[in-house]
Structure formats: C-alpha cells, structure tokens
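Student:
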Amino acid sequence: MTPFIAATFGGILCALIASAFLAPLVFKIPLRISRQWAREVDEYADLELNGNSLATPLTRTQSALLILASALLGCTVIAAKGLQIEGIALAFYFLSLLLLVAINLKALLLPDVIVLPVLWAGLLYRAQTGFAAEHIYGATVAYLVPFLLTTALQRFTGKGLIGHGDLKAMAMAGAWFGLAGLPLFFMGFVAGLVLWIVLLLITGQKAQGPICSGPAHLSGGLTAAFCSSAFTLA
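When the letters of the sequence shown are read in order and numbered with the working numbering, they come out as residues 878 to 1111.
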C-alpha cells in the first residue's frame, strides 16, 4: 500500500468515525451534562428552600471532632511510616480525605477542587518513587469498574448506584494505593458503607435522597493503607 493510498484510507476511516460517533456526541454530551446540572440545581434549591443551606460553618463540636480525627490519623500514619517522605505523603492524603468526608457529611458533595489535585499529587508522587504504571492502572480501574457497574444498573433499573464524585474519589484512591491495593480499598469501602447505613438506622435517621459515602471512602483508604503488608509508599 502506497503512502497516498494509506493516507486516503485513513482519512476516509476517520471521516466515517466522525460521522457515526463524533457528530452525535457533540449534541448528546452537552445535553446529558445540562440535564445533570438541572437535576442538581433543583436538589440544592429544594435544600435552600427548606432551610438546609449547604454553606453553613461548622459548629464548635464539629470543628473539634475534625481536629481530633486529624490528630489521630496523623499520629497513626507517622507512627506506622515514620516522619519521612512516606509518612508525610500518606498524611497529606488522609488529611485531604478527611476534608472530603467532612464536606460530604455536611453537603453531600465530593468537590473536584479537592479530588483532582489529590489524584494528580498521588500519580506524580508515584512517578517520583518509580511506581507510575501500577498507580496509573490503579486510578483507571478504580474509576472504570464502578462506572461500568453503575451504568449497567442504571440501564436496567433507571437508578444509578454511585455518583460521579464517588467515581473520581475512587480513582483518587487508586492513584495512591495502586492496582494491588484496590481489592482492600473496595472491601473497606463496602464494609464502611454498610456500617454507616447500620449506624443511620440505629440512630433513627432515614435517608432523604443519596447516602453520604464519605465515611466509606475513609474506611476504604484506611483498609488499603494499613491492612496490607505489601503496601508501601516507597
């Protein structure tokens, strides 16, 4: 095949792909996003109308609990990993995760402004320590597996299993713990979610809409970090 014929074939193939997939997606993707935004705006507008504003400061008790949890986690991490780059890196991850948990409990959000920088920080740190591929695969699988599951569930039942914020937070965990750490992370996530739901039932709280998944992410992270002798940061 001459270069001219190969180039012509490539051009025709790309044109067919654009006609079959790209052109429709230019319409479908923004439409899907705008509908998702509209649903979220309606949900948050209802909260505001009912006097449940998301933008409220922490109470003194809540602040004290957050500070205490940060101190306990920092103590645990440094005791296990030492006051070196390994311990500092893991402490950074868990402090960021605690911030996500606090926001999630208060506002049912897992903001990209926290998740994405921490995800990239994990990948960059792993690249520096020589484990880039393992953790790139970890971030990819941690996102794709639950995404495919929730997409299949939504197709058959019309209801999603987890939100996009959860998917990105799982990818963040995959970036830090790698492909080998994902089984423990997901085990801890499921166990934490079940325990959280049980706690809500015991305390007589009925779920109004989505359930906070922040505690489950924290449980998964703790399980992946401290329940595997094979897991190391360096």
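For every residue, glycine included, the Cβ atom is placed at its ideal position computed from N, Cα and C.
Quick caveat: nothing in here was measured; it's all calculated off a predicted structure.
DSSP three-state call for P1087: helix, strand or coil?
Tutor: Three-state result, P1087: coil.
Student: Throw me the rounded Cβ distance for the M1049 and V995 pair, which I believe falls under 8 Å.
Tutor: That belief holds up - the Cβ atoms of M1049 and V995 are roughly 5 Å apart, short of 8 Å.
Student: So G1069 and L1038 are in contact, right, with Cβ under 8 Å, and what is the actual spacing, rounded?
Tutor: No, G1069 and L1038 are not in contact; Cβ-Cβ is about 16 Å, not under 8 Å.
Student: I want to know whether the segment 1011-1023 touches the segment 1053-1062 - three or more CB-CB distances under 8 Å.
Tutor: With a cut-off of 8 Å, the segment 1053-1062 and the segment 1011-1023 count as touching, because enough Cβ pairs lie within range.
Student: Specify whether the segment 934-951 and the segment 961-975 touch according to this definition: at least 3 beta carbon pairs, one from each stretch, less than 8 Å apart.
Tutor: Yes, the segment 934-951 touches the segment 961-975.
Student: If you draw a straight line from the alpha carbon of I910 to that of G959, how long is it in whole angstroms?
Tutor: Near 44 Å, if we compare the C-alpha coordinates of G959 and I910.
Student: Find the nearest neighbour of W1053 within the set F1033, I894, G1098, judged by alpha-carbon distance.
Tutor: Among F1033, I894, G1098, the Cα nearest to that of W1053 is on G1098.
Student: Find out if the Cβ-Cβ distance for the pair D989, K1045 is shorter than 9 Å.
Tutor: Yes.
Student: Determine the contact status of L982 and G887, defining contact as a CB-CB distance below 9 Å.
Tutor: No, Cβ-Cβ distance for L982 and G887 is not below 9 Å.
Student: Under the assumption that I1074 contacts I1088 (Cβ atoms under 8 Å), give the Cβ distance between them as a whole number of angstroms.
Tutor: With 8 Å as the limit, I1074 and I1088 qualify as a contact, their Cβ atoms being about 7 Å apart.
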